[in-house]
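Asker:
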Amino acid sequence: MRTSLPVLFLCSTASFAGLAAADPLPSWNDTATKTRIIDFVEAVTDPDSDAYVTPADRIATFDNDGNLWGEQPVYFQLIFAIDRIADLAAQNPDIAQSDAMKAAAAKDYKAVIASGKEGLIEVLSASHSGDSEEFIAAASDWLNTATHPETGLLYRDMTYQPMVELLRYLRDEDFETFIVSGGGIHFIRAYADAAYGIPPQNVVGTQTVTSYEVVDGVPSIVKQPEIFFVDDKVGKPVGIDNHIGKRPILASGNSDGDFQMLEYTTAGDGLRLGILLHHTDAEREVAYDREGHIGVLDKGLDEAEDRGWLVIDMAADWSRIYTGQP
Numbered sequence: 001m002r003t004s005l006p007v008l009f010l011c012s013t014a015s016f017a018g019l020a021a022a023d024p025l026p027s028w029n030d031t032a033t034k035t036r037i038i039d040f041v042e043a044v045t046d047p048d049s050d051a052y053v054t055p056a057d058r059i060a061t062f063d064n065d066g067n068l069w070g071e072q073p074v075y076f077q078l079i080f081a082i083d084r085i086a087d088l089a090a091q092n093p094d095i096a097q098s099d100a101m102k103a104a105a106a107k108d109y110k111a112v113i114a115s116g117k118e119g120l121i122e123v124l125s126a127s128h129s130g131d132s133e134e135f136i137a138a139a140s141d142w143l144n145t146a147t148h149p150e151t152g153l154l155y156r157d158m159t160y161q162p163m164v165e166l167l168r169y170l171r172d173e174d175f176e177t178f179i180v181s182g183g184g185i186h187f188i189r190a191y192a193d194a195a196y197g198i199p200p201q202n203v204v205g206t207q208t209v210t211s212y213e214v215v216d217g218v219p220s221i222v223k224q225p226e227i228f229f230v231d232d233k234v235g236k237p238v239g240i241d242n243h244i245g246k247r248p249i250l251a252s253g254n255s256d257g258d259f260q261m262l263e264y265t266t267a268g269d270g271l272r273l274g275i276l277l278h279h280t281d282a283e284r285e286v287a288y289d290r291e292g293h294i295g296v297l298d299k300g301l302d303e304a305e306d307r308g309w310l311v312i313d314m315a316a317d318w319s320r321i322y323t324g325q326p
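Per this note's numbering: the sequence shown = residues 1 to 326.
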C-alpha cells in the first residue's frame, strides 16, 4: 500500500516532536531541583537570553567521590590501593615491612585506617608508583572485577545514574564536562571515559611526582612515591586554572572539600550554578553530612541558601541511584 507524502511528513514531524520533548533527566523526580537545572541550561544556551553563554565558555566541573559515584564506607581508591598492595606483597613479601603495609597486605582495612595519615600515605604511595600506563591498566582490571562489600556491585557500576544523565545532558547542550577531584588523576583516568563520557584529558585530580624515563628501551612516564599536587579544597580552583584555564559556569560537589570550587565558579559574571549533592537516602544508599570520616558537608549546608547554591536531596530528587541497579 502506498503511503502519501503528507502522512509520512506528519509521522516524521510527530517523531521529531517526541524526541524534542524527551526528558533529558529521566532518573530525576519532577521536583524544583530538576526544574532549576533545566532552566539554567536552557537560559545559558538560548541565544536570545540575556544569560546566553557561548559554547566555548560552557565549562562544567564535577567532583567525583560521593558526587558521581559512591564513597562509603571508604574511598574506593583506598580499597584499590590496599588490594594492590596485597597482590604485590604476594609476589614480593619484602615490601610489607611497616605495620601499615602489613595491614594492607592482609587486607585489614580497619588497621590501615588506624595507622593514621602517615600509614595511609605510605600505602597510597607504594600502590600508586611505577609506570603510569601499567598503573592505569591495573586500576582498570580492578574496576572490572572488584565488588563492593555491601551492594555486591562492581565498583564501576556504582556511578550515580542521575549524575551520568546530567553529564550527558550538558554535553548535548555543548557544555564541556570535567572531573575535578581529590582522587588520583591516573586512577580516575582508568574509568572516567567509560563511566561518564569524560576523556582522560578532562580529568583534574591529585597528582604524584612523575618523571620521564626510558625503561627497558621504552620511553615512559613513571609515577614516583611522593605527592606533587593535592586537588582538594583550595587546590580545586588552582587545579581548574592550571588544567582548564577558564572559570566554570557550573560546578557540582557533595562535601566541604568542594566549597572553594563552587565559590570560585559562582563568583564569576553572568548566570552560574553551584550544586551540592546531599546524601539523605539511608534506605537506597547512605545518609550522612555534618559528621564522619569522609564526605563531610557542614559549611556548605550552612551557606548554600545565602550563596544561591542548589542542594540536591538524594532521597527526594532521585528516582534511581546506581547505574548498575534498576
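Idealized CB from N, CA, C, for every residue including glycine.
May I ask you to report which of helix, strand or coil DSSP gives residue 190?
Answerer: Numbered from 1 along the sequence shown, position 190 holds the residue referred to as residue 190. If DSSP states are grouped into helix, strand and coil, residue 190 belongs with coil.
Asker: Please report the distance separating the alpha-carbon of residue 103 from that of residue 111.
Answerer: Within the sequence shown, the letter at position 103 stands for residue 103. Within the sequence shown, the letter at position 111 stands for residue 111. Answer to the nearest angstrom: the Cα atoms are 6 Å apart.
Asker: Decide if residue 54 is buried, meaning its Cβ has at least 16 other Cβ atoms within 10 Å, or exposed.
Answerer: One-based indexing of the sequence shown puts residue 54 at position 54. Counting Cβ neighbours within 10 Å, residue 54 comes out exposed, since fewer than 16 surround it.
Asker: Who pairs with residue 207 in a beta bridge, going by DSSP?
Answerer: As a position in the sequence shown, residue 207 is number 207, starting the count at 1. The partner list for residue 207 (beta bridge, DSSP) reads 229.
Asker: Just verifying my parser: in three-state terms, what is the DSSP assignment at residue 65?
Answerer: Numbered from 1 along the sequence shown, position 65 holds the residue referred to as residue 65. Strand.
Asker: Under a three-way DSSP split, which group does residue 72 fall into?
Answerer: Here residue 72 refers to the residue found at position 72 of the sequence shown. Looking at residue 72 - three-state DSSP - the assignment turns out to be coil, as it is neither helix nor strand.
Asker: Nearest-angstrom Cα distance between residue 85 and residue 31?
Answerer: Along the sequence shown, one-based indexing puts residue 85 at 85. Along the sequence shown, one-based indexing puts residue 31 at 31. In a straight line, the C-alpha of residue 85 is about 45 Å away from that of residue 31.
Asker: Within its chain, find whatever has a CB closer than 6 Å to the CB of residue 127; leave out the 5 residues flanking it on each side and keep chain order.
Answerer: Position 127 of the sequence shown, counting from 1, holds the residue named residue 127. Same-chain partners within the cutoff: 81, 84 and 85.
Asker: Look up residue 274 in the DSSP assignment and give the residues it is bridged to.
Answerer: By 1-based counting over the sequence shown, the position of residue 274 is 274. Answer is 251, bridged to residue 274.
Asker: Would you call residue 265 buried or exposed, if buried means 16 or more other Cβ atoms sit within 10 Å of its Cβ?
Answerer: In the sequence shown, residue 265 corresponds to position 265, counting from 1. By the 10 Å Cβ count, residue 265 comes out buried.
Asker: Decide yes or no for the touch test of the region 59–76 against the region 157–165: beta carbon pairs closer than 8 Å, at least 3 of them.
Answerer: Counting Cβ pairs under 8 Å, three or more are found: they touch.
Asker: Should the region 273–280 be called in touch with the region 294–310, which here means at least 3 C-beta pairs below 8 Å?
Answerer: They touch, by the three-pair rule.
Asker: Quick check: the region 114–134 against the region 218–234, are there 3 or more CB pairs under 8 Å?
Answerer: Touching, yes, given that three or more Cβ pairs across the two stretches are closer than 8 Å.
Asker: Could you give the first and the last residue of the continuous beta strand (DSSP E) run that contains residue 177?
Answerer: Residue mapping note: residue 177 aligns to position 177 of the sequence shown, counting from 1. 176–184 is the extent of the beta strand (DSSP E) around residue 177.
Asker: Quickly, what does DSSP pair residue 131 with across the bridge? List them, please.
Answerer: Start at 1 with the first residue of the sequence shown, and residue 131 comes out as number 131. Bridge partners of residue 131: 222.
Asker: Residue 136 to residue 270, Cα distance in whole Å?
Answerer: Start at 1 with the first residue of the sequence shown, and residue 136 comes out as number 136. Start at 1 with the first residue of the sequence shown, and residue 270 comes out as number 270. Roughly 39 Å between the two C-alpha positions.
Asker: Starting from residue 311, trace the beta strand (DSSP E) in both directions and tell me its first and last residue.
Answerer: Numbered from 1 along the sequence shown, position 311 holds the residue referred to as residue 311. Note, residue 311: beta strand (DSSP E), 310–313.
Asker: Mapping DSSP to helix, strand and coil, what is residue 291?
Answerer: Start at 1 with the first residue of the sequence shown, and residue 291 comes out as number 291. Three-state result, residue 291: coil.
Asker: What residues are listed by DSSP as bridge partners for residue 279?
Answerer: Numbered from its first residue, the sequence shown carries residue 279 at position 279. Its beta-bridge partners are 288.
Asker: Tell me whether residue 52 sits in a helix, a strand or coil according to DSSP, three-state version.
Answerer: Indexing the sequence shown from 1 puts residue 52 at position 52. DSSP places residue 52 in coil when its eight states are reduced to three.
Asker: Taking buried to mean at least 16 other C-beta atoms within 10 Å of its own C-beta, is residue 215 buried or exposed?
Answerer: Taking the first residue of the sequence shown as 1, we reach residue 215 at position 215. Flag for residue 215 reads exposed.
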